[in-house]
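Report on the following structure.
In the numbering used here, the protein residues as written are 5 to 202.
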């Protein structure tokens, strides 16, 4: 893709326009108007769709004889847009339309920086004097460390809660099915305790 759109005026005939049928860009570009003959005015106009993402510095441009004029078109696309750029010479004597496609620029992703220390495992630290870690740790560190080292304590706690809920349901509801279900829960908790204490 080129960033310069070439427009030739007066090349083959008076007020004649030679423009490409279509032009594709991903960002700002320049309309380069080359006049091959007498001085004249050139009018540039972006249609509504293009006006949403592009802006001309001016729409009317005087181009001297045998000279070139460059017109900046600032583009800030949020999404791909198609539209028409209208080019008019000598106050309407000749009009041409260019199909203009503005693609969204491909954004390069910034590389992620990874600290080299992250690829090395941390050394395992032995417990300090209070059993919570090397710094003596507080009660939260001590309880967390104990649950990690002895998960059966958590199992016993949950079993006790399940047992209490089962007994409470049996007493409150006084239903034979609930009592039988509670006995199954009690038996399950007792089996779990026996297996943990082995």
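Heads up, the beta-carbon is just placed ideally off N, CA and C, and yes, glycines get one too.
- Cβ contact annotation for residue 183 (same chain, cutoff 6 Å, sequence separation greater than five): 174, in chain order.
- Contact between the region 65-83 and the region 98-110 is present: 3 or more CB-CB pairs across the two stretches fall below 8 Å.
- Per DSSP, residue 57 is not a residue of any alpha helix (DSSP H), being assigned neither H nor E.
- In the three-state DSSP reduction, residue 31 falls in the coil class, being neither helix nor strand.
- Rounded to the nearest whole angstrom, the C-alpha separation of residue 27 and residue 45 is 22 Å.
- Ranked by Cα distance from residue 157, the options 70, 199, 49 and 62 are led by 199.
- Exposure of residue 8 is indicated by the presence of fewer than 16 other C-beta atoms within 10 angstroms of its C-beta.
- For residue 101, the CB contacts under 6 Å within the same chain, skipping 5 residues up- and downstream, are 88 and 90 in chain order.
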